[in-house]
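Quick notes on the structure that follows.
Protein chains: 2
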Amino acid sequence: MTQAAPPGLTLCNNAMLRRATRKLGQFYDDVLAPSGLKATQQGLLYQIHIGDDPAMGAIAAALIMDLSALGHTLKPLIRDGYVETFADKDDRRIKRVRLTPRGLVKLDEAMKLWSLAQQRFEAMVGKDEAARLRAALDDIAALDFDTPPAAPSK
Amino acid sequence: MTQAAPPGLTLCNNAMLRRATRKLGQFYDDVLAPSGLKATQQGLLYQIHIGDDPAMGAIAAALIMDLSALGHTLKPLIRDGYVETFADKDDRRIKRVRLTPRGLVKLDEAMKLWSLAQQRFEAMVGKDEAARLRAALDDIAALDFDTPPAAPSK
DNA sequence: GCCGCTTAGTGGCATATGCCACTTTCTGAG
DNA sequence: CTCAGAAAGTGGCATATGCCACTAAGCGGC
Chain A
1 MTQAAPPGLT LCNNAMLRRA TRKLGQFYDD VLAPSGLKAT QQGLLYQIHI GDDPAMGAIA
61 AALIMDLSAL GHTLKPLIRD GYVETFADKD DRRIKRVRLT PRGLVKLDEA MKLWSLAQQR
121 FEAMVGKDEA ARLRAALDDI AALDFDTPPA APSK
Chain B
1 MTQAAPPGLT LCNNAMLRRA TRKLGQFYDD VLAPSGLKAT QQGLLYQIHI GDDPAMGAIA
61 AALIMDLSAL GHTLKPLIRD GYVETFADKD DRRIKRVRLT PRGLVKLDEA MKLWSLAQQR
121 FEAMVGKDEA ARLRAALDDI AALDFDTPPA APSK
C-alpha cells in the first residue's frame, strides 16, 4: 500500500515533509537497527565526530535544533557511554562534547550500516535526484523566515 | 546564521530531511501558534476532515505513521474536544474518528493561518519549486523498501 | 460450532523535539 | 569596580513517533 497521498494532503509542504521523514526515518532506522543506534543518534554522533569538540550550541545550530532538545537527545548517548562532555577552559558557560573511544567504535559500526541504507536509497531514487533533493532541503534549512511579511528597516 | 550544512552533514538524505523538517516545522508552528494548534495537529484534523469518518488505521496509513503513534497524537485533540471516536457499526474492532463542531471551527481558524504560512513559504522558494519538492517527497513516501537488496521469489 | 490466524487498537516504555523559566557566566557601559 | 543585559545550558512539561506485547473481534476451514 502506502499510496500516493490523496490530493488534499499533498498540498501542505510541511505535512509532506514530515510524512516523507517518517517513511525514510523508518528505513534508515531499520538498517541501522543491528548497531543499536537510531538514525538520529548515528547522525548526532557523526556531527560530534566531524566537529572539534563542538560546543552544544554549535551542534544545535548545525542541526537546526533546539539547544534543550539536543541536551535531551544527548542523554541516552552519554548514559550508554558513547559521548562525554566537559567545560570549556576559557568560558565556563560553554559545555563541549566529544566521542568516547567506545563511541568512536560504535560510530564506525553504524557508519557501515548507514552506507548500506544510503546506497539502497540512492539506488532507488537515483544519485542525481537524491543530490537534488538534499540541495533543496538545504535551501529550506537556510531560509530566513524571520521578517514578518513586510520587513522593516533593521 | 543557520549556515549551509557543513559538507559532511549534507550527505545523509535522512539527516537532511529531518533537519529541513525541524526548520519548516518551526515556521508553520509559529504561524499556527495563535490558533493554539501545532502544525501536526492541524494536519491531523485536516486529514480527518477530508475523510469520511476515517478509521484510525486508514488515517495512519495515509500519513504513513504508526497506528499507536496516531493514537497518542489523537489524545490531546480528544481531550480538548476537537475530535471524537466511535466504533464502526459492522466491525467492532474498527474505531472511526470525526471532528466535533468545535473541532471544525478550530480547523477553519487554523486553515486560515496555514494558508499564510503556505503562501509565505511558497513566496520564498517559488510555487514551482515547492510543487516539485512535494512531488519528490511523495515519491519517497511511496517507495517500497521491503525487498532486502537481493529480492527472492516471493 | 471450535480453533487458529489475521486485523485493529491499546498501553507501556523510550527517544525526538520544543518552549519556557531559571541559574550561572560573561561582557560592556559608566 | 559594579550592575544591567546577553549568552549557554538545565529541568520540567507537553507533544510527536516508534516498537512490542496484549486484548478484542472478525474470518476461514473442517
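Here the protein sequences come in this chain order: A and B.
Throughout the first sequence, residue numbering follows the UniProt record's numbering, covering 1 to 154 in sequence.
Throughout the second sequence, residue numbering follows the UniProt record's numbering, covering 1 to 154 in sequence.
For glycine and all other residues, C-beta sits at the position ideal for the given N, C-alpha and C.
Being a predicted model, the structure only gives us computed values, none of them experimental.
**Item:** From 72(A), 58(A), 142(A) and 93(A), residue whose alpha carbon lies closest to that of residue 41(A)
**Value:** 72(A)
**Asked** Could you give the distance in angstroms between the alpha-carbon of residue 107(A) and the alpha-carbon of residue 24(B)?
**Response** Roughly 28 Å between the two C-alpha positions.
**Request:** Have a look at 98(A), 75(A), 125(A) and 55(A) and flag the residue whose alpha-carbon is nearest the alpha-carbon of residue 92(A).
**Result:** When 98(A), 75(A), 125(A) and 55(A) are compared, the shortest CA-CA separation from residue 92(A) is found for 55(A).
**Request:** Could you tell me if residue 86(B) is buried or exposed, where buried requires 16 or more neighbouring beta carbons within 10 angstroms of its beta carbon?
**Result:** exposed
**Item:** Straight-line gap, residue 33(B) to residue 21(B) (C-alpha atoms, nearest Å)
**Value:** 17 Å
**Message:** If distances are taken between C-alpha atoms only, which option among 114(A), 102(A), 58(A) and 115(A) comes closest to residue 94(A)?
**Reply:** That would be 58(A), whose Cα lies nearest to the Cα of residue 94(A).
**Request:** Indicate, with yes or no, if the ligand ATP has a heavy atom lying under 7 Å from the CB of residue 43(A).
**Result:** No copy of the ligand ATP occurs in the structure displayed, which carries no ligand at all.
**Request:** Apply the 10 Å Cβ neighbour rule to residue 119(B) and answer buried if 16 or more other Cβ atoms are within range, or exposed otherwise.
**Result:** exposed
**Request:** Output yes if chain A places a C-beta closer than 8 Å to the C-beta of residue 41(B); else output no.
**Result:** Judged by the 8 Å Cβ criterion, residue 41(B) is not in contact with chain A.
**Prompt:** Hey, residue 50(A) and residue 97(A) are a contact pair by Cβ (cut 8 Å); roughly how many whole angstroms apart?
**Reply:** So it is not a contact: roughly 12 Å between Cβ atoms.
**Request:** Step through the CB atoms of chain A and report whether any lies within less than 8 Å of the CB of residue 48(B).
**Result:** no
**Item:** Beta-carbon separation (whole angstroms), residue 128(A) vs residue 125(B), contact threshold 8 Å
**Value:** The pair is not a contact, with the Cβ atoms about 20 Å apart (cut-off 8 Å).
**Message:** Rounded to whole angstroms, what is the Cα-Cα separation between residue 152(A) and residue 145(A)?
**Reply:** A caution first: residue 152(A) carries a pLDDT of 39, below 50, which makes its placement in the model too unreliable to give a value.
**Asked** In whole angstroms, what is the alpha-carbon distance linking residue 30(A) and residue 84(A)?
**Response** 26 Å
**Message:** Less than 8 Å between CB atoms is the rule here; does residue 158(B) satisfy it with respect to chain A?
**Reply:** Beyond the ends of chain B as shown, which are 1 and 154, falls residue 158(B); an answer cannot be given.
**Asked** What separation, rounded to the nearest whole angstrom, lies between the Cα atoms of residue 102(B) and residue 17(A)?
**Response** One C-alpha to the other measures close to 28 Å.
**Message:** Give me the residue from 10(B), 45(B) and 14(B) with the minimum Cα distance to residue 75(B).
**Reply:** 45(B)
**Prompt:** Taking Cβ-Cβ distances below 7 Å as the criterion, which residues of the stretch 12-37 of chain A are in contact with chain B?
**Reply:** Of all residues in the stretch 12-37 of chain A, the ones placed with a Cβ closer than 7 Å to any Cβ belonging to chain B are 12, 13, 14, 15, 16, 17, 18, 19, 20, 21, 22, 23, 24, 25, 27 and 28, in chain order.
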